[in-house]
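One structure is given below, encoded as C-alpha coordinates.
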Amino acid sequence: MILGYNTNGLAHHDPFDAVEILSEIGYSAIALTIDHLTLTPFGNTYLATRQVDLLAKVLDEAKMRSVIETGARFLLNPRVKHEPTFVSPDAKGRDLRYEFMRHCIDTAQTLKSDCVSVWSGRLLDDVSEEVAMDRLVASLEPVLDYAAEREVTLGFEPEPGMFIDTMAKFDQLQQRIDATNFQLTIDIGHLHCQGETPIADYLRRYGDRIVNIHIEDMKAGVHEHLPFGDGEIDFPPIFQALKEIDYQGPVNVELSRHSHDGPNMAQKSYDFLKPLI
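According to my numbering, the sequence shown holds residues 3 to 279 in order.
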(Lines of atoms letter the chains of each structure in order from A and count residues from 1; the text may use other names and numbers.)
(Lines give C-alpha, C1' and ligand atoms only; values in the text may rest on other atoms or scores of the structure.)
Protein backbone atom coordinates (compact mmCIF):
# COMPACT_ATOMS: atom_id res chain seq x y z
CA MET A 1 0.00 0.00 0.00
CA ILE A 2 1.07 3.59 -0.52
CA LEU A 3 0.19 6.89 1.14
CA GLY A 4 -1.66 9.65 -0.70
CA TYR A 5 -3.41 12.94 0.05
CA ASN A 6 -6.66 14.34 -1.32
CA THR A 7 -6.47 17.76 -2.95
CA ASN A 8 -9.77 18.72 -1.32
CA GLY A 9 -7.46 19.32 1.65
CA LEU A 10 -5.25 21.55 -0.51
CA ALA A 11 -8.11 23.45 -2.09
CA HIS A 12 -6.18 26.73 -2.25
CA HIS A 13 -3.27 25.16 -4.13
CA ASP A 14 -2.66 24.72 -7.83
CA PRO A 15 -2.61 20.96 -8.56
CA PHE A 16 0.97 21.14 -9.84
CA ASP A 17 2.05 22.78 -6.58
CA ALA A 18 0.13 20.10 -4.68
CA VAL A 19 2.06 17.35 -6.46
CA GLU A 20 5.36 19.07 -5.67
CA ILE A 21 4.51 19.58 -1.98
CA LEU A 22 3.23 16.04 -1.45
CA SER A 23 6.15 14.50 -3.28
CA GLU A 24 8.61 16.47 -1.14
CA ILE A 25 6.91 15.18 2.03
CA GLY A 26 7.12 11.59 0.79
CA TYR A 27 3.66 10.77 -0.50
CA SER A 28 3.47 8.32 -3.40
CA ALA A 29 -0.10 9.08 -4.48
CA ILE A 30 -2.47 11.98 -4.91
CA ALA A 31 -6.27 11.94 -4.93
CA LEU A 32 -7.28 14.70 -7.33
CA THR A 33 -10.66 16.23 -6.55
CA ILE A 34 -11.76 17.78 -9.82
CA ASP A 35 -12.97 21.26 -8.97
CA HIS A 36 -12.78 24.86 -10.06
CA LEU A 37 -9.27 25.41 -11.47
CA THR A 38 -8.33 21.75 -10.90
CA LEU A 39 -8.82 19.85 -14.16
CA THR A 40 -12.09 21.78 -14.54
CA PRO A 41 -14.74 20.38 -16.90
CA PHE A 42 -16.99 22.29 -19.32
CA GLY A 43 -14.50 25.12 -19.91
CA ASN A 44 -11.84 25.71 -22.54
CA THR A 45 -11.35 22.22 -23.91
CA TYR A 46 -7.86 22.93 -25.23
CA LEU A 47 -6.62 24.33 -21.93
CA ALA A 48 -8.22 21.52 -19.92
CA THR A 49 -6.64 18.88 -22.14
CA ARG A 50 -3.29 20.63 -21.96
CA GLN A 51 -3.46 20.75 -18.16
CA VAL A 52 -4.22 17.03 -17.95
CA ASP A 53 -1.41 16.15 -20.36
CA LEU A 54 1.08 18.24 -18.37
CA LEU A 55 -0.10 16.74 -15.11
CA ALA A 56 0.36 13.23 -16.49
CA LYS A 57 3.99 14.11 -17.23
CA VAL A 58 4.52 15.67 -13.79
CA LEU A 59 3.02 12.66 -12.00
CA ASP A 60 5.20 10.30 -14.01
CA GLU A 61 8.33 12.28 -13.17
CA ALA A 62 7.37 12.33 -9.48
CA LYS A 63 6.57 8.60 -9.61
CA MET A 64 3.17 9.30 -8.04
CA ARG A 65 0.00 7.32 -8.61
CA SER A 66 -3.37 9.04 -8.73
CA VAL A 67 -7.06 8.64 -8.06
CA ILE A 68 -9.77 10.90 -9.48
CA GLU A 69 -12.24 12.11 -6.85
CA THR A 70 -15.66 13.51 -7.75
CA GLY A 71 -16.71 15.12 -4.46
CA ALA A 72 -16.37 18.82 -5.30
CA ARG A 73 -19.01 20.69 -3.33
CA PHE A 74 -20.28 23.39 -5.68
CA LEU A 75 -18.77 22.57 -9.07
CA LEU A 76 -21.97 21.58 -10.86
CA ASN A 77 -24.41 23.73 -8.89
CA PRO A 78 -23.14 26.93 -7.19
CA ARG A 79 -26.10 26.97 -4.78
CA VAL A 80 -26.62 23.35 -3.65
CA LYS A 81 -23.77 21.22 -2.33
CA HIS A 82 -22.85 18.17 -4.44
CA GLU A 83 -25.89 18.50 -6.72
CA PRO A 84 -26.83 17.14 -9.17
CA THR A 85 -26.08 13.51 -8.37
CA PHE A 86 -26.93 10.04 -9.64
CA VAL A 87 -30.17 10.07 -7.66
CA SER A 88 -31.32 13.65 -8.26
CA PRO A 89 -35.02 13.88 -9.13
CA ASP A 90 -34.35 15.96 -12.26
CA ALA A 91 -33.31 13.87 -15.28
CA LYS A 92 -31.44 16.85 -16.76
CA GLY A 93 -29.44 17.08 -13.57
CA ARG A 94 -28.52 13.40 -13.77
CA ASP A 95 -27.47 13.98 -17.39
CA LEU A 96 -25.12 16.74 -16.21
CA ARG A 97 -23.63 14.36 -13.65
CA TYR A 98 -23.09 11.86 -16.48
CA GLU A 99 -21.24 14.44 -18.58
CA PHE A 100 -19.09 15.29 -15.58
CA MET A 101 -18.32 11.62 -15.09
CA ARG A 102 -17.23 11.32 -18.73
CA HIS A 103 -14.74 14.12 -18.09
CA CYS A 104 -13.49 12.38 -14.93
CA ILE A 105 -13.10 9.07 -16.72
CA ASP A 106 -11.25 10.65 -19.65
CA THR A 107 -8.95 12.37 -17.16
CA ALA A 108 -8.34 9.11 -15.32
CA GLN A 109 -7.50 7.38 -18.58
CA THR A 110 -4.90 10.00 -19.47
CA LEU A 111 -3.38 10.03 -15.98
CA LYS A 112 -3.52 6.22 -15.73
CA SER A 113 -5.31 6.66 -12.41
CA ASP A 114 -6.12 3.72 -10.16
CA CYS A 115 -9.82 4.57 -10.26
CA VAL A 116 -12.51 7.22 -10.34
CA SER A 117 -14.15 7.46 -6.93
CA VAL A 118 -17.93 8.04 -6.91
CA TRP A 119 -20.93 8.05 -4.55
CA SER A 120 -24.71 8.05 -4.83
CA GLY A 121 -25.79 11.49 -3.62
CA ARG A 122 -28.59 12.42 -1.24
CA LEU A 123 -32.18 11.46 -1.97
CA LEU A 124 -34.03 14.80 -2.21
CA ASP A 125 -37.51 13.67 -3.26
CA ASP A 126 -40.05 11.47 -1.50
CA VAL A 127 -39.73 8.19 -3.39
CA SER A 128 -39.39 4.62 -2.18
CA GLU A 129 -36.01 2.98 -1.74
CA GLU A 130 -36.88 0.69 -4.65
CA VAL A 131 -37.47 3.63 -6.99
CA ALA A 132 -34.32 5.34 -5.75
CA MET A 133 -32.26 2.20 -6.31
CA ASP A 134 -33.65 1.82 -9.82
CA ARG A 135 -32.71 5.45 -10.51
CA LEU A 136 -29.19 4.95 -9.19
CA VAL A 137 -28.58 1.78 -11.16
CA ALA A 138 -29.91 3.38 -14.36
CA SER A 139 -27.58 6.34 -13.81
CA LEU A 140 -24.52 4.20 -13.09
CA GLU A 141 -24.85 1.75 -15.98
CA PRO A 142 -23.87 4.14 -18.82
CA VAL A 143 -21.06 5.54 -16.67
CA LEU A 144 -19.68 2.04 -16.13
CA ASP A 145 -20.01 1.27 -19.84
CA TYR A 146 -18.12 4.45 -20.74
CA ALA A 147 -15.43 3.63 -18.18
CA ALA A 148 -15.11 0.05 -19.38
CA GLU A 149 -14.47 1.22 -22.94
CA ARG A 150 -11.54 3.24 -21.57
CA GLU A 151 -10.36 0.55 -19.15
CA VAL A 152 -11.10 2.73 -16.13
CA THR A 153 -12.30 1.36 -12.78
CA LEU A 154 -14.94 3.01 -10.60
CA GLY A 155 -14.58 2.85 -6.83
CA PHE A 156 -18.01 3.37 -5.25
CA GLU A 157 -17.98 4.99 -1.79
CA PRO A 158 -20.77 4.61 0.79
CA GLU A 159 -21.16 8.04 2.39
CA PRO A 160 -23.01 9.04 5.60
CA GLY A 161 -26.13 11.03 4.80
CA MET A 162 -26.36 9.77 1.22
CA PHE A 163 -28.70 7.18 -0.28
CA ILE A 164 -25.97 4.55 -0.20
CA ASP A 165 -24.54 5.20 3.24
CA THR A 166 -23.64 1.81 4.72
CA MET A 167 -21.88 -1.33 3.58
CA ALA A 168 -25.22 -3.17 3.76
CA LYS A 169 -26.68 -0.70 1.25
CA PHE A 170 -23.56 -1.12 -0.90
CA ASP A 171 -24.22 -4.87 -0.90
CA GLN A 172 -27.74 -4.23 -2.22
CA LEU A 173 -26.37 -2.02 -4.99
CA GLN A 174 -23.61 -4.46 -5.85
CA GLN A 175 -26.21 -7.18 -6.45
CA ARG A 176 -27.77 -5.00 -9.15
CA ILE A 177 -24.54 -4.06 -10.96
CA ASP A 178 -23.02 -6.56 -13.38
CA ALA A 179 -19.71 -4.90 -14.22
CA THR A 180 -16.17 -6.01 -13.43
CA ASN A 181 -15.03 -2.38 -13.20
CA PHE A 182 -17.50 -1.64 -10.37
CA GLN A 183 -15.36 -1.76 -7.23
CA LEU A 184 -15.18 -0.15 -3.80
CA THR A 185 -13.78 2.99 -2.23
CA ILE A 186 -13.87 2.53 1.52
CA ASP A 187 -13.56 5.39 4.01
CA ILE A 188 -12.12 4.37 7.37
CA GLY A 189 -13.75 7.26 9.23
CA HIS A 190 -17.15 6.55 7.72
CA LEU A 191 -17.10 3.01 9.06
CA HIS A 192 -16.30 4.25 12.55
CA CYS A 193 -18.85 7.06 12.32
CA GLN A 194 -21.67 4.63 11.53
CA GLY A 195 -20.67 1.89 13.95
CA GLU A 196 -19.52 -0.53 11.24
CA THR A 197 -16.89 -2.05 13.45
CA PRO A 198 -14.49 -3.69 14.02
CA ILE A 199 -13.16 -1.84 10.97
CA ALA A 200 -10.51 -4.50 10.37
CA ASP A 201 -13.23 -7.12 9.87
CA TYR A 202 -14.86 -5.03 7.13
CA LEU A 203 -11.52 -4.60 5.38
CA ARG A 204 -11.00 -8.36 5.39
CA ARG A 205 -14.57 -8.98 4.19
CA TYR A 206 -14.35 -6.58 1.24
CA GLY A 207 -10.64 -6.92 0.53
CA ASP A 208 -11.03 -8.28 -2.98
CA ARG A 209 -13.13 -5.27 -4.05
CA ILE A 210 -11.25 -2.35 -2.47
CA VAL A 211 -9.44 -0.14 -4.99
CA ASN A 212 -9.23 3.08 -2.99
CA ILE A 213 -9.12 3.99 0.70
CA HIS A 214 -9.89 7.32 2.38
CA ILE A 215 -8.47 7.78 5.84
CA GLU A 216 -8.81 10.31 8.64
CA ASP A 217 -9.77 10.28 12.30
CA MET A 218 -13.42 10.52 13.36
CA LYS A 219 -15.80 10.17 16.29
CA ALA A 220 -18.71 7.75 16.45
CA GLY A 221 -21.95 9.25 15.17
CA VAL A 222 -20.33 12.48 13.92
CA HIS A 223 -19.45 12.79 10.23
CA GLU A 224 -16.54 15.17 10.63
CA HIS A 225 -13.13 14.40 9.13
CA LEU A 226 -10.56 15.03 11.87
CA PRO A 227 -6.75 15.15 12.02
CA PHE A 228 -5.17 12.00 13.38
CA GLY A 229 -5.33 11.94 17.18
CA ASP A 230 -8.41 14.17 17.38
CA GLY A 231 -10.87 11.29 17.02
CA GLU A 232 -11.38 7.81 18.44
CA ILE A 233 -10.05 5.39 15.82
CA ASP A 234 -7.47 2.76 16.72
CA PHE A 235 -5.33 2.59 13.56
CA PRO A 236 -2.78 -0.24 14.09
CA PRO A 237 -5.39 -3.05 13.68
CA ILE A 238 -6.61 -1.36 10.49
CA PHE A 239 -3.18 -1.40 8.90
CA GLN A 240 -2.60 -4.95 10.08
CA ALA A 241 -5.77 -5.99 8.22
CA LEU A 242 -4.64 -4.13 5.09
CA LYS A 243 -1.38 -6.06 5.20
CA GLU A 244 -3.26 -9.33 5.65
CA ILE A 245 -5.38 -8.74 2.55
CA ASP A 246 -2.27 -7.58 0.65
CA TYR A 247 -3.84 -4.25 -0.25
CA GLN A 248 -1.52 -2.51 -2.69
CA GLY A 249 -3.52 0.59 -3.54
CA PRO A 250 -3.46 4.15 -2.22
CA VAL A 251 -4.46 5.12 1.31
CA ASN A 252 -5.51 8.73 0.78
CA VAL A 253 -5.78 11.19 3.65
CA GLU A 254 -9.00 13.21 3.39
CA LEU A 255 -9.10 16.42 5.44
CA SER A 256 -11.31 18.62 3.30
CA ARG A 257 -11.93 21.19 6.03
CA HIS A 258 -8.25 21.86 6.65
CA SER A 259 -7.09 23.47 3.43
CA HIS A 260 -6.26 26.65 5.36
CA ASP A 261 -3.38 24.65 6.88
CA GLY A 262 -2.96 22.15 4.06
CA PRO A 263 0.83 21.69 3.79
CA ASN A 264 1.20 21.45 7.57
CA MET A 265 -1.66 18.92 7.86
CA ALA A 266 -0.20 16.89 5.00
CA GLN A 267 3.14 16.69 6.83
CA LYS A 268 1.56 15.81 10.18
CA SER A 269 -0.62 13.14 8.57
CA TYR A 270 2.36 11.59 6.81
CA ASP A 271 4.38 11.54 10.03
CA PHE A 272 1.49 9.76 11.79
CA LEU A 273 0.77 7.18 9.10
CA LYS A 274 4.21 6.32 7.74
CA PRO A 275 5.25 4.17 10.74
CA LEU A 276 2.01 2.20 10.41
CA ILE A 277 2.80 1.00 6.87
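Cβ atoms here follow ideal geometry from the backbone N, Cα and C, with glycine treated the same way.
What three-state label does DSSP hand G157 in the structure shown?
-> strand
With distances taken between CB atoms, is the gap from G157 to Q185 smaller than 7 Å?
-> yes
Ends of the beta strand (DSSP E) at K221?
-> Taken as a continuous stretch (DSSP letters only), the beta strand (DSSP E) holding K221 covers D219 to K221.
What is the C-beta distance between S271 and F230, in whole angstroms, given that I count them as a contact (C-beta under 8 Å)?
-> Their Cβ separation, rounded to whole angstroms, is 6 Å, which keeps S271 and F230 in contact under 8 Å.
DSSP beta-bridge partners for Y7?
-> I32 and V255
Under a three-way DSSP split, which group does T40 fall into?
-> strand
Limits of the unbroken beta strand (DSSP E) element including R124 = Membership of R124 in any beta strand (DSSP E) is not indicated, and neither H nor E is assigned to it by DSSP.
Ignore the nearest five residues each way along the sequence and tell me which others in E234's own chain have a CB closer than 8 Å to its CB.
-> H194, D219, M220, K221 and A222
DSSP three-state call for N266: helix, strand or coil?
-> helix
In this structure, does DSSP put H15 in helix, strand or coil?
-> coil
With distances taken from CA atoms, which of D248, D203, D189 and D273 is nearest E71?
-> D189
Per-residue DSSP class, three states only, for R75 = coil
Are the beta-carbon atoms of R99 and T87 separated by less than 7 Å?
-> yes
Using DSSP with H/G/I as helix, E/B as strand and the rest coil, what is E194?
-> According to the sequence provided, residue 194 is His. The question's Glu does not apply to it. Three-state DSSP puts H194 in a helix.
Shortest alpha-carbon distance to S25 belongs to which of T40, L61 and G11?
-> L61
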